[in-house]
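First comes the structure, then the notes that go with it.
Number of protein chains: 2
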Amino acid sequence: MDVDESLLIDRNPPPDGVPERLAAQLRFVAEADKLKTILRASPLAAADRRENDAEHSWHLALMVILLAEYADEPIDVGHAIKLVVIHDLVEIYAGDSPVFAPDAADDQAEREAAAATRLFGLLPPDQAASMRALWDEFESGATPEARFGKAMDRLEPMLLNWLNGGGTWGMPGATEATVRAREAGVVAGSTSLGSVTSLLVDEGLRRGWIRPAAVAQD
Amino acid sequence: MDVDESLLIDRNPPPDGVPERLAAQLRFVAEADKLKTILRASPLAAADRRENDAEHSWHLALMVILLAEYADEPIDVGHAIKLVVIHDLVEIYAGDSPVFAPDAADDQAEREAAAATRLFGLLPPDQAASMRALWDEFESGATPEARFGKAMDRLEPMLLNWLNGGGTWGMPGATEATVRAREAGVVAGSTSLGSVTSLLVDEGLRRGWIRPAAVAQD
Numbered sequence: 001m002d003v004d005e006s007l008l009i010d011r012n013p014p015p016d017g018v019p020e021r022l023a024a025q026l027r028f029v030a031e032a033d034k035l036k037t038i039l040r041a042s043p044l045a046a047a048d049r050r051e052n053d054a055e056h057s058w059h060l061a062l063m064v065i066l067l068a069e070y071a072d073e074p075i076d077v078g079h080a081i082k083l084v085v086i087h088d089l090v091e092i093y094a095g096d097s098p099v100f101a102p103d104a105a106d107d108q109a110e111r112e113a114a115a116a117t118r119l120f121g122l123l124p125p126d127q128a129a130s131m132r133a134l135w136d137e138f139e140s141g142a143t144p145e146a147r148f149g150k151a152m153d154r155l156e157p158m159l160l161n162w163l164n165g166g167g168t169w170g171m172p173g174a175t176e177a178t179v180r181a182r183e184a185g186v187v188a189g190s191t192s193l194g195s196v197t198s199l200l201v202d203e204g205l206r207r208g209w210i211r212p213a214a215v216a217q218d
Numbered sequence: 219m220d221v222d223e224s225l226l227i228d229r230n231p232p233p234d235g236v237p238e239r240l241a242a243q244l245r246f247v248a249e250a251d252k253l254k255t256i257l258r259a260s261p262l263a264a265a266d267r268r269e270n271d272a273e274h275s276w277h278l279a280l281m282v283i284l285l286a287e288y289a290d291e292p293i294d295v296g297h298a299i300k301l302v303v304i305h306d307l308v309e310i311y312a313g314d315s316p317v318f319a320p321d322a323a324d325d326q327a328e329r330e331a332a333a334a335t336r337l338f339g340l341l342p343p344d345q346a347a348s349m350r351a352l353w354d355e356f357e358s359g360a361t362p363e364a365r366f367g368k369a370m371d372r373l374e375p376m377l378l379n380w381l382n383g384g385g386t387w388g389m390p391g392a393t394e395a396t397v398r399a400r401e402a403g404v405v406a407g408s409t410s411l412g413s414v415t416s417l418l419v420d421e422g423l424r425r426g427w428i429r430p431a432a433v434a435q436d
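If you're matching them up, the sequences are chains A and B in order.
Sequential numbering of the first sequence, starting at 1, is according to my numbering.
Sequential numbering of the second sequence, starting at 219, is according to my numbering.
Dropping the structure here:
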């Protein structure tokens, strides 16, 4: 676990004269740069390297704009974009938890909650509360915007896997069963996009990019 | 000039059964992955490498959420986020144009307009038009949301330069005059954030991170 307690802003604190509230906000904006260094398991389609959380979050925001028409319930597009822009910020301190890693940490929820307290605590109290509320909303999946945002969060890596002819579908913990469980997260936000992920998985199985459940333990 | 005409989706086209409209949208979503490979001149704060356009666009979206209170005019935050999420997409085909490069291409505007036609043309016609309208709005700076989005687009690399103790302020074309010209783009969207960029530039000059105009040609 990476437990570097130093803030990026500490290298070069804002000059004298910056109002206290804005200085706190810039401290957070600077610290957020670290999201660009948190690697996900997913490979890019456009280059031979893994995707980072900032790139992933941007891609989800674009997908919300383009695919909102497929949400099962009416959504506030601007609000849904906010949710996906901030949804992975806590991984700056908690790290990424690959979904198909067989040894996924049991304490992921606690680590992420602690990270949220630490990270959002850099902000002025009112914004710490509103950012925490956005993150909680996404995590809970309790609103139409959160459900659609989560659908994008499932669909994007499936699309990258498809474009790569396998990607994380080749990880030890990935089988038809676990891949279909991820697909369910798309269906929960969008029946029509869920149908497409089902086609991708069907065809991925046919092409040998996903292991059938029956050979999972081989 | 990189003129690879192939689309990322051509590697593995969507399986049979995906509706035509959605297939076009997925073609665009896949092609957008290329934005993660377009490098800007700006260095990250969190790692020793240059920033890419997708990371940059994500950072602007986060900044819109956190700093909207400093907009000089009332803005629709969701709309402003949309603008910054899509504002650099044309660079997938047109490339990045570093602001402090002394030999900035004269034909940047034409190249970007051609790239917009090609890229947005991958979408169904109604979405090609709405995406083009968002991009034109940002480019024109004609709305409060576009002005604030552009302010973030100027502020973010200034903050990265500050955190790096120089960054692109050390490029051959950067002098107090050209750096202050960029600062003007922040002021145009936010007087109070403009005041802060002015403090950063004043202090950057004092520390020798920015060349005074007088020695620009040395």
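The beta carbon of each residue, even a glycine, is placed where N, CA and C say it ideally should be.
So residue i and residue j are supposed to be a Cβ contact under 8 angstroms. How far apart are they, rounded?
| i | j | result |
| --- | --- | --- |
| B/V397 | B/R372 | So it is not a contact: roughly 10 angstroms between Cβ atoms. |
| A/V84 | B/L417 | The Cβ separation is near 33 angstroms, so there is no contact. |
| A/A46 | A/V64 | With 8 angstroms as the limit, A/A46 and A/V64 do not qualify as a contact, their Cβ atoms being about 20 angstroms apart. |
| A/L163 | B/V247 | So it is not a contact: roughly 10 angstroms between Cβ atoms. |
| B/S408 | B/F366 | 7 angstroms |
| B/A334 | A/H59 | Not confirmed; about 19 angstroms, so no contact. |
| B/V308 | B/E330 | 5 angstroms |
| B/W427 | B/G383 | 6 angstroms |
| A/M152 | A/F100 | With 8 angstroms as the limit, A/M152 and A/F100 do not qualify as a contact, their Cβ atoms being about 19 angstroms apart. |
Note down, in chain order, every chain B residue with its Cβ under 9 angstroms from the Cβ of residue i.
| i | result |
| --- | --- |
| A/E55 | D251, L253, K254, N270, A272, E273 and W276 |
| A/A47 | D251, K252, K254 and T255 |
| A/G165 | R229 and N230 |
| A/L122 | Result: empty, since nearest Cβ-Cβ is about 11 angstroms, beyond 9 angstroms. |
| A/L22 | L285, Y288, S410, L411 and V414 |
Grab me the residues of residue i's own chain with a C-beta within less than 7 angstroms of its C-beta, minus the 5 sequence neighbours each way, in chain order.
| i | result |
| --- | --- |
| B/G412 | E401, V404 and V405 |
| B/P375 | S260 and T386 |
| A/K82 | L134 |
| A/D96 | I38, L39, R40 and D53 |
| A/A23 | P14 |
| A/R27 | L7, I9 and L122 |
Note down, in chain order, every chain B residue with its Cβ under 8 angstroms from the Cβ of residue i.
| i | result |
| --- | --- |
| A/V18 | V414 and L417 |
| A/K82 | I283, V295, G296 and I299 |
| A/Q127 | L284 |
| A/A151 | Within chain B, no residue comes near A/A151; the closest Cβ sits about 13 angstroms away, beyond 8 angstroms. |
| A/L159 | L244, V247 and A248 |
Output needed for residue i: all residues of its chain with C-beta closer than 8 angstroms, excluding positions within five of it in sequence on either side, in chain order.
| i | result |
| --- | --- |
| B/A332 | Y311 and A312 |
| A/N52 | L35, K36, T37, I38, L39 and R40 |
| A/R124 | The identity of residue 124 of chain A in the sequence shown is Pro, whereas the question assumes Arg. R21, A24 and Q25. |
| B/R268 | L257, R258, A259, S260, P261 and L262 |
| B/V295 | V282, I283 and A286 |
| B/S358 | A364 |
Quick one: which chain A residues come within Cβ less than 8 angstroms of residue i?
| i | result |
| --- | --- |
| B/I304 | L62 and I65 |
| B/G403 | Those within 8 angstroms of B/G403 in chain A number zero; the least Cβ separation is about 17 angstroms. |
| B/L262 | D33, K36 and T37 |
| B/E421 | P15 |
Taking its Cβ as the centre, do 16 or more other Cβ atoms sit within 10 Å of residue i, making it buried, or is it exposed?
| i | result |
| --- | --- |
| B/R425 | exposed |
| A/D136 | exposed |
| A/P74 | exposed |
| A/E5 | exposed |
| B/E328 | exposed |
| A/A181 | exposed |
| B/L337 | buried |
| A/S57 | buried |
| B/D324 | exposed |
| B/R350 | buried |
| B/G339 | exposed |
| B/Q345 | buried |
| A/D16 | exposed |
| A/D48 | exposed |
| A/R211 | buried |
Along the chain, where does the beta strand (DSSP E) containing residue i start, and where does it finish?
| i | result |
| --- | --- |
| A/V51 | As written in the sequence, residue 51 of chain A is Glu, which differs from the Val given in the question. Start and end: R50 to N52. |
| B/P261 | L257 to P261 |
Determine the chain B residues that contact residue i at a beta-carbon separation under 7 angstroms, and present them in chain order.
| i | result |
| --- | --- |
| A/W162 | N230 |
Note down, in chain order, each residue of its chain lying with its Cβ closer than 6 angstroms to the Cβ of residue i, except the 5 sequence neighbours on either side.
| i | result |
| --- | --- |
| A/P144 | E73 and I75 |
| B/D436 | Caution applies to B/D436, whose pLDDT of 45 falls short of 50 and renders its modelled position unreliable; the value that the coordinates give is listed next. Contacts found: none. |
| B/P316 | A259 |
Considering residue i, what are the terminal residues of the alpha helix (DSSP H) in which it resides?
| i | result |
| --- | --- |
| A/A184 | E176 to V187 |
| B/N379 | P362 to L381 |
| B/S348 | P343 to S358 |
| A/K82 | V77 to I86 |
| A/S198 | T191 to R206 |
| B/T335 | Q326 to F338 |
| A/Y70 | Where A/Y70 is concerned, there is no enclosing alpha helix (DSSP H), given that its DSSP letter is neither H nor E. |
| B/L244 | E238 to E249 |
| B/I310 | E309 to A312 |
For a contact meaning CB atoms closer than 7 angstroms, what does residue i contact in chain E?
| i | result |
| --- | --- |
| B/F246 | Structure shown: chain E not included; protein chains present are A and B. |
Which chain A residues sit within Cβ distance under 9 angstroms of residue i?
| i | result |
| --- | --- |
| B/L226 | A45, A46 and L163 |
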